Amino acid sequence: MHRDASPVRLAHHRVAPERRVPDLAEDARAGLLAPPRSMPPKYFYDERGSRLFEAICDTPEYYPTRAEAALLTDVSERVIADIRPAHVVELGSGNSHKTRHLFAACERLGIHPRYWPFEVSPQIMLDSAAALIADYDWLHVEAMSGDYTAGLGNLPLPGDGGRRLILFLGGTIGNFEPAQADAFLAEIVSLMAPGDALLLGLDRVKDVATLEAAYDDAAGYTAAFNKNLINVINRELGGDMPVAGYRHRAVFDRTLSRIEMRLVAEYAHRVRLEALGADFEIAAGEEILTEISRKFSQEAITGLLGRAGLRQTAHYPYGDDQYSLVLAVRD
Ligand code: AVJ
70 MHRDASPVRL
80 AHHRVAPERR
90 VPDLAEDARA
100 GLLAPPRSMP
110 PKYFYDERGS
120 RLFEAICDTP
130 EYYPTRAEAA
140 LLTDVSERVI
150 ADIRPAHVVE
160 LGSGNSHKTR
170 HLFAACERLG
180 IHPRYWPFEV
190 SPQIMLDSAA
200 ALIADYDWLH
210 VEAMSGDYTA
220 GLGNLPLPGD
230 GGRRLILFLG
240 GTIGNFEPAQ
250 ADAFLAEIVS
260 LMAPGDALLL
270 GLDRVKDVAT
280 LEAAYDDAAG
290 YTAAFNKNLI
300 NVINRELGGD
310 MPVAGYRHRA
320 VFDRTLSRIE
330 MRLVAEYAHR
340 VRLEALGADF
350 EIAAGEEILT
360 EISRKFSQEA
370 ITGLLGRAGL
380 RQTAHYPYGD
390 DQYSLVLAVR
400 D
């Protein structure tokens, strides 16, 4: 097998934001000080939150990770043989666990793309990249750290004409409001040239009990993950929110077809956020919306792709439409 003469197979690029995005202080000012209270889910993922998310993925209730991994086991070879990518770009790559199925398929097929993971938390990405290049001697990783909500225009992707396979997995598109999801897919499409493809993971509408259990596992990892936001706020904003003063709640809203995670105040109290020079009072039973996770019907998937100018070339459903991987190209 071909071995690169250069020992450097892992590079780290810090991606400058393309546009200004609100920081934690601004989001807290806008979202926490008065009802209806909400915070964007991206602040869950500090070191501890990222580890807790990995623990969630191993719980028996949280089926999306296993569903997607099973699909990737089955379809990776077809996808790679079909696209023959020169570059695999992954938005929100996390620990790159599931992506390994694609690299295993690349190895079997003798197709050797470069890997471009993009992730807000560089440590997990770099650790995972180091493990990947140890396992695949042909693999070069160009790790990119930054916030994808700040735009994709500054990604240092090469314009060498090689085909790109863009991955947006895990059902994370569901964390966006409908208009934001459309805008984000449009940004992805603007990275795509003819021949490039997007592999998108979407969680599907199903019975409420299964959905709500997936977001409220018995071992309590999801509750800890949700409540970790309080630690992040306290640490970063000099806050005094009582961690024990909130409980985790996950409900499926049928009309909006989404899981909503909330933090519910157990008793009335006042919170000081030193960095904002502000206080707020929260009543017993009052809620903070911390995450939405939308669940897609077939019609919703068709609409999403159509509005983005994407044409579906393959749909890989898991089980009884529990979860879907969609392969799409730019029209
Ligand atoms: C990785 C963002 C898709 O919405 O299912 C898991 C995050 N939150 N459990 C999801 C999450 C609570 C997850 N995403």
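One gets the numbering used here by counting positions in the sequence shown from 1 and adding 69 to each. Beta carbons are placed, not taken as given, at the ideal position from N, Cα and C, and that holds for glycine. Predicted, not measured: the structure shown is a model, and the values here were computed from it.
Residue i burial status per 10 Å Cβ neighbour count (16 or more: buried)
i: Leu325; result: exposed
i: Arg169; result: buried
i: Asn244; result: buried
i: Arg327; result: buried
i: Gly230; result: exposed
i: Pro131; result: Position check: residue 131 holds Tyr in this sequence, whereas Pro was assumed. Buried is the call here.
i: Val210; result: buried
i: Gly336; result: Per the sequence presented here, residue 336 reads as Tyr, with Gly not at that position. Label assigned to Tyr336: exposed.
Residue i: CB within 8 Å of a non-hydrogen atom of the ligand AVJ
i: Glu360; result: yes
i: Gly243; result: yes
i: Ala283; result: yes
i: Met194; result: no
i: Pro186; result: no
i: Phe294; result: yes
i: Met108; result: no
i: Ala115; result: Rather than Ala, the amino acid found at residue 115 in this sequence is Asp. No, Cβ of Asp115 sits at least 8 Å from all heavy atoms of the ligand AVJ.
i: Pro133; result: yes
i: Phe321; result: no
i: Ile357; result: no
i: Asp272; result: yes
i: Met261; result: no
i: Leu218; result: The sequence shown places Thr at residue 218, not Leu. Not so, every heavy atom of the ligand AVJ lies at least 8 Å from the Cβ.
i: Phe365; result: no
i: Phe122; result: yes
i: Met213; result: no
i: Thr168; result: no
i: Thr382; result: no
i: Ile328; result: yes
C-alpha distance - residue i paired with residue j, whole-angstrom precision
i: Leu178; j: Ile357; result: 49 Å
i: Ala155; j: Tyr217; result: 22 Å
i: Ile370; j: Thr382; result: 13 Å
i: Ser393; j: Arg339; result: 44 Å
i: Tyr114; j: Ile299; result: 12 Å
i: Ala313; j: Tyr290; result: 15 Å
i: Ala292; j: Arg318; result: 8 Å
i: Tyr387; j: Gly215; result: 31 Å
i: Leu280; j: Val77; result: 44 Å
i: Leu201; j: Leu140; result: 20 Å
i: Leu345; j: Glu246; result: 27 Å
i: Ser366; j: Pro105; result: 28 Å
i: Asp400; j: Gly307; result: 49 Å
i: Ala352; j: Thr128; result: 33 Å
Any non-hydrogen atom of the ligand PLP closer than 8 Å to residue i Cβ
i: Gly240; result: No copy of the ligand PLP occurs in the structure displayed; its ligands are the ligand AVJ alone.
Problem - the stretch 188-205 in contact with the stretch 75-86 per 3-pair CB rule at 8 Å - result: yes
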